[in-house]
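Residue numbers (numbering that gives the first Met the number 0), protein chains in the order written: chain A, 0 to 327; chain B, 0 to 327.
We put the beta carbon where it would ideally sit given N, CA and C, even for glycine.
The model shown is predicted, which means the values in this text are computed figures rather than measured ones.
This report concerns only the one structure given below.
Protein chains: 2
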Amino acid sequence: MPSIKVAILGFGTVGEGVYRILQEKRDEIKKSTGFTVEVEIILVKDKNKKRMPIKGIQITDNFQDILNNPEIDIVFEAIVGEEPAYTYLSDTIEKGCHIITANKKMFAEHGPALMKHAEFRNVQIGYEATVAGGVPIIRTVTNLLSGDQVKRIQGILNGTSNFILTKMRKEGSSFKEALFEAQRKGFAEADPSDDVSGMDAFRKLMILSSLAFGEQPDWDEVPVVGIDHLPSNEITDAAKEDYRYRHVADIWLDEKGEPQGTVGPALIGANHPFFNIDGVDNAVIVETEYLGSLTVVGPGAGMYPTGSAMIADLIHIIRQQEAVLIPN
Amino acid sequence: MPSIKVAILGFGTVGEGVYRILQEKRDEIKKSTGFTVEVEIILVKDKNKKRMPIKGIQITDNFQDILNNPEIDIVFEAIVGEEPAYTYLSDTIEKGCHIITANKKMFAEHGPALMKHAEFRNVQIGYEATVAGGVPIIRTVTNLLSGDQVKRIQGILNGTSNFILTKMRKEGSSFKEALFEAQRKGFAEADPSDDVSGMDAFRKLMILSSLAFGEQPDWDEVPVVGIDHLPSNEITDAAKEDYRYRHVADIWLDEKGEPQGTVGPALIGANHPFFNIDGVDNAVIVETEYLGSLTVVGPGAGMYPTGSAMIADLIHIIRQQEAVLIPN
Numbered sequence: 000m001p002s003i004k005v006a007i008l009g010f011g012t013v014g015e016g017v018y019r020i021l022q023e024k025r026d027e028i029k030k031s032t033g034f035t036v037e038v039e040i041i042l043v044k045d046k047n048k049k050r051m052p053i054k055g056i057q058i059t060d061n062f063q064d065i066l067n068n069p070e071i072d073i074v075f076e077a078i079v080g081e082e083p084a085y086t087y088l089s090d091t092i093e094k095g096c097h098i099i100t101a102n103k104k105m106f107a108e109h110g111p112a113l114m115k116h117a118e119f120r121n122v123q124i125g126y127e128a129t130v131a132g133g134v135p136i137i138r139t140v141t142n143l144l145s146g147d148q149v150k151r152i153q154g155i156l157n158g159t160s161n162f163i164l165t166k167m168r169k170e171g172s173s174f175k176e177a178l179f180e181a182q183r184k185g186f187a188e189a190d191p192s193d194d195v196s197g198m199d200a201f202r203k204l205m206i207l208s209s210l211a212f213g214e215q216p217d218w219d220e221v222p223v224v225g226i227d228h229l230p231s232n233e234i235t236d237a238a239k240e241d242y243r244y245r246h247v248a249d250i251w252l253d254e255k256g257e258p259q260g261t262v263g264p265a266l267i268g269a270n271h272p273f274f275n276i277d278g279v280d281n282a283v284i285v286e287t288e289y290l291g292s293l294t295v296v297g298p299g300a301g302m303y304p305t306g307s308a309m310i311a312d313l314i315h316i317i318r319q320q321e322a323v324l325i326p327n
Numbered sequence: 000m001p002s003i004k005v006a007i008l009g010f011g012t013v014g015e016g017v018y019r020i021l022q023e024k025r026d027e028i029k030k031s032t033g034f035t036v037e038v039e040i041i042l043v044k045d046k047n048k049k050r051m052p053i054k055g056i057q058i059t060d061n062f063q064d065i066l067n068n069p070e071i072d073i074v075f076e077a078i079v080g081e082e083p084a085y086t087y088l089s090d091t092i093e094k095g096c097h098i099i100t101a102n103k104k105m106f107a108e109h110g111p112a113l114m115k116h117a118e119f120r121n122v123q124i125g126y127e128a129t130v131a132g133g134v135p136i137i138r139t140v141t142n143l144l145s146g147d148q149v150k151r152i153q154g155i156l157n158g159t160s161n162f163i164l165t166k167m168r169k170e171g172s173s174f175k176e177a178l179f180e181a182q183r184k185g186f187a188e189a190d191p192s193d194d195v196s197g198m199d200a201f202r203k204l205m206i207l208s209s210l211a212f213g214e215q216p217d218w219d220e221v222p223v224v225g226i227d228h229l230p231s232n233e234i235t236d237a238a239k240e241d242y243r244y245r246h247v248a249d250i251w252l253d254e255k256g257e258p259q260g261t262v263g264p265a266l267i268g269a270n271h272p273f274f275n276i277d278g279v280d281n282a283v284i285v286e287t288e289y290l291g292s293l294t295v296v297g298p299g300a301g302m303y304p305t306g307s308a309m310i311a312d313l314i315h316i317i318r319q320q321e322a323v324l325i326p327n
């Protein structure tokens with residue numbers, strides 16, 4: 000049975016999660032796809048940094064080592080930020096490799112271009128992990144688009160904001176206290192501005208817009224409000240009336256069939272599907288023509304949830320290739 | 000571009016939903032799969048019954064007309080009950096056709112045998128519509144099984160029971176009043192015993208067990224309790240304490256790795272994902288090793304939701320076949 004060789008770009012939380020699952024589930028993946036998946040090479044920023052022991056795998060800080068390796072079939076990308084990730088992935092697609100990315104910032108901006116490039120080069124892109132971590136919302140929407148039509152998607156797409164809002168409501172904490180707690184627990188970055196300003200949720204919303212509607216609204220025309228200016232007492236006052244503030248990203252087709260979006264805090268009543276979504280969970284409501292309304296809730300981040308989303312992409316890509324390569 | 004010819008067995012609510020979506024979404028399906036899907040023949044019980052006008056399609060009450068038609072590629076089955084559905088589908092698989100079924104009663108009992116038969120004959124079975132109507136739980140669990148492991152599934156799987164419990168709680172109705180209202184609204188059958196006794200939820204749970212764990216527990220060893228003996232005052236008393244009764248079907252792997260299940264009313268607290276699931280919605284929580292906990296909520300029944308689940312199966316089957324048949 001042939002093997003599939005993969006590279007991992009970036010070895011932070013997500014990259015390590017991918018590596019771990021590939022090791023731990025080696026036999027299961029072989030059983031379910033018929034292929035052994037081998038991690039061939041890992042790209043890191045600093046080769047001398049202390050990390051978990053990795054045997055028999057090339058560790059490099061030079062992306063050219065991956066580009067020049069003719070054996071690589073699929074590249075996992077778990078780098079943060081637009082560049083050099085976008086350039087790396089463009090080069091990888093040009094080389095003819097499939098890519099699987101968790102990089103929402105890069106993919107919101109460059110996803111449409113990468114998708115076109117991938118189609119041209121006849122390779123696939125997995126990007127389940129770019130939106131809502133472990134929640135399989137990309138696959139779910141993709142499937143719903145088969146013979147149905149998506150009309151609107153609303154989401155709690157930033158776990159950090161939701162954790163902070165939950166803590167402010169339940170414990171009457173100030174924004175600063177709750178943010179500090181989120182950082183202490185590892186839910187928020189040292190620089191949390193993308194999370195609390197709404198930019199992170201906005202980017203995920205743009206990825207969903209491309210998927211569901213084939214286009215994104217003009218970025219400047221989407222109002223984006225974060226949770227960083229929401230007074231603590233408004234949150235606790237609302238809770239007394241059985242309302243809860245959630246940070247909601249919302250995208251829908253207007254009467255002209257063009258996507259319109261908003262991102263910001265919203266007051267949610269007790270019967271709304273978002274009412275009970277506390278902590279770092281993400282939740283997405285998809286409204287379609289035939290199905291009506293579907294809600295999906297799960298972990299929005301984390302090494303294993305995000306890693307497992309990328310592994311699901313991997314298996315999907317292998318299966319599709321397998322059907323083409325080895326018809327029975 | 001070639002066309003795909005399908006037959007529909009049964010022309011009740013679900014069969015008609017499939018037919019309607021195939022007509023309404025003809026162009027979209029062609030665009031997304033590359034194939035025109037033509038309904039060739041519909042099997043009905045009574046040819047003389049008044050129904051929506053259907054042009055240019057053979058209406059028959061004789062299943063042999065379908066078996067003897069060499070053009071049929073895929074058969075939709077939307078009949079109620081085990082027989083003759085099981086015999087029809089066995090014959091259809093033997094003939095080499097793919098099948099898509101919404102028949103939970105038949106599939107809970109005979110699904111494992113049909114799956115083996117289909118594998119042997121190299122055809123596919125779509126059964127998304129057998130569990131939780133429009134909620135894509137079969138596809139979601141199938142995807143989660145790629146590189147992850149399902150440990151437990153809990154579901155509100157019977158919309159009729161959930162509607163009745165909701166009405167009893169909110170309006171203090173008796174069981175009989177709430178059941179009558181469910182029947183008046185078309186949510187419950189004239190004979191609602193399978194719904195309110197828990198048998199319907201039990202069968203769906205067995206289908207999920209086969210999918211997630213590769214086997215079903217011994218049917219006799221699964222305690223099944225319905226909502227038909229739950230006193231009205233217990234429901235309203237619980238509501239005062241901020242608890243709600245839900246009818247929950249639950250399946251998990253025990254320490255020996257064997258599936259164990261229970262079906263019955265459960266008291267649900269305010270922070271549980273099932274707390275807010277009111278009316279005819281279904282909800283399923285899937286717990287896995289890596290992802291943690293994923294909740295999916297949506298319409299458990301209805302012409303369009305259930306029909307659209309079957310159309311999603313259709314498109315999935317076409318795409319998989321297409322990959323084998325027409326590699327690019």
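Local conformation of residue i per DSSP, three classes
{"i": "E76(A)", "result": "strand"}
{"i": "D313(A)", "result": "Position check: residue 313(A) holds Leu in this sequence, whereas Asp was assumed. Three-state result, L313(A): helix."}
{"i": "R318(B)", "result": "helix"}
{"i": "V36(A)", "result": "strand"}
{"i": "Y242(B)", "result": "coil"}
{"i": "S89(A)", "result": "helix"}
{"i": "R151(A)", "result": "strand"}
{"i": "I163(B)", "result": "helix"}
{"i": "I53(A)", "result": "coil"}
{"i": "V195(B)", "result": "helix"}
{"i": "V43(A)", "result": "coil"}
{"i": "Q259(A)", "result": "strand"}
Identity of the residue in the options nearest residue i by Cα
{"i": "V247(B)", "options": "D236(B), V295(B), E233(B) and A282(B)", "result": "A282(B)"}
{"i": "N275(B)", "options": "M105(B), Y303(B) and V296(B)", "result": "V296(B)"}
{"i": "I71(A)", "options": "K54(A), E82(A), V79(A) and I98(A)", "result": "I98(A)"}
{"i": "R151(B)", "options": "T261(B), K30(B) and N68(B)", "result": "T261(B)"}
{"i": "I124(A)", "options": "I136(A), D277(A) and E76(A)", "result": "E76(A)"}
{"i": "Y126(A)", "options": "S208(A), G301(A) and N102(A)", "result": "N102(A)"}
{"i": "A269(B)", "options": "A189(B), W251(B), A238(B) and A6(B)", "result": "A238(B)"}
Residue i versus residue j - alpha carbon distance
{"i": "E27(B)", "j": "G146(A)", "result": "7 Å"}
{"i": "E15(A)", "j": "G291(B)", "result": "18 Å"}
{"i": "N68(B)", "j": "G80(B)", "result": "24 Å"}
{"i": "V17(A)", "j": "L8(A)", "result": "11 Å"}
{"i": "I78(B)", "j": "G171(B)", "result": "36 Å"}
{"i": "Q215(A)", "j": "D249(A)", "result": "12 Å"}
{"i": "N121(B)", "j": "V38(B)", "result": "23 Å"}
{"i": "I325(A)", "j": "T141(B)", "result": "At I325(A), the pLDDT of 43 sits below 50, so the modelled position is not reliable; the number obtained from the coordinates is stated separately. Cα to Cα, I325(A) sits roughly 22 Å from T141(B)."}
{"i": "E108(B)", "j": "L204(B)", "result": "11 Å"}
{"i": "E257(A)", "j": "D219(A)", "result": "15 Å"}
{"i": "L66(B)", "j": "K30(B)", "result": "29 Å"}
{"i": "S2(A)", "j": "L113(A)", "result": "26 Å"}
{"i": "H271(A)", "j": "Y242(A)", "result": "10 Å"}
{"i": "L210(A)", "j": "Q259(A)", "result": "14 Å"}
{"i": "L207(B)", "j": "W251(B)", "result": "10 Å"}
{"i": "N327(B)", "j": "H116(A)", "result": "Any answer about N327(B) is weak, because its pLDDT of 33 lies below 50 and its placement is not dependable; what the coordinates show is given next. Roughly 17 Å separates the two Cα atoms."}
Residue i classed as buried or exposed, judged by whether at least 16 other C-beta atoms fall within 10 angstroms
{"i": "K46(A)", "result": "exposed"}
{"i": "D236(B)", "result": "exposed"}
{"i": "S173(B)", "result": "exposed"}
{"i": "L42(A)", "result": "buried"}
{"i": "I316(B)", "result": "buried"}
{"i": "R50(A)", "result": "exposed"}
Within chain A, the residues that residue i reaches when beta carbons sit closer than 7 Å
{"i": "G268(B)", "result": "Simply none; closest approach about 11 Å."}
{"i": "F162(B)", "result": "Within 7 Å Cβ-Cβ: nothing; F162(B) doesn't reach chain A, min ~15 Å."}
{"i": "I20(B)", "result": "G146 and Y289"}
Residue i CB to nearest heavy atom of the ligand ATP below 7 Å
{"i": "I58(A)", "result": "For the ligand ATP, the structure offers nothing, since it holds no ligand at all."}
Cross-chain neighbours of residue i in chain B, by beta carbon under 8 Å
{"i": "E142(A)", "result": "Strictly speaking, residue 142(A) in this sequence is Asn, with Glu absent from that position. Result: P135, R138, A311 and H315."}
{"i": "T294(A)", "result": "T294, V295, V296 and G297"}
{"i": "S2(A)", "result": "Near S2(A) there are no residues of chain B at all, since even the closest Cβ is about 16 Å away, more than 8 Å."}
Closer than 8 Å at the beta carbon, the chain A residues around residue i
{"i": "L252(B)", "result": "None at all; the shortest Cβ gap to chain A is about 15 Å."}
{"i": "G306(B)", "result": "Y289"}
Interface residues of chain B facing residue i [CB-CB closer than 7 Å]
{"i": "K24(A)", "result": "G146"}
{"i": "Y303(A)", "result": "Y289"}
Interface flag, residue i vs chain C, CB-CB below 8 Å
{"i": "E37(B)", "result": "Protein chains A and B are contained in the structure displayed, whereas chain C is not."}
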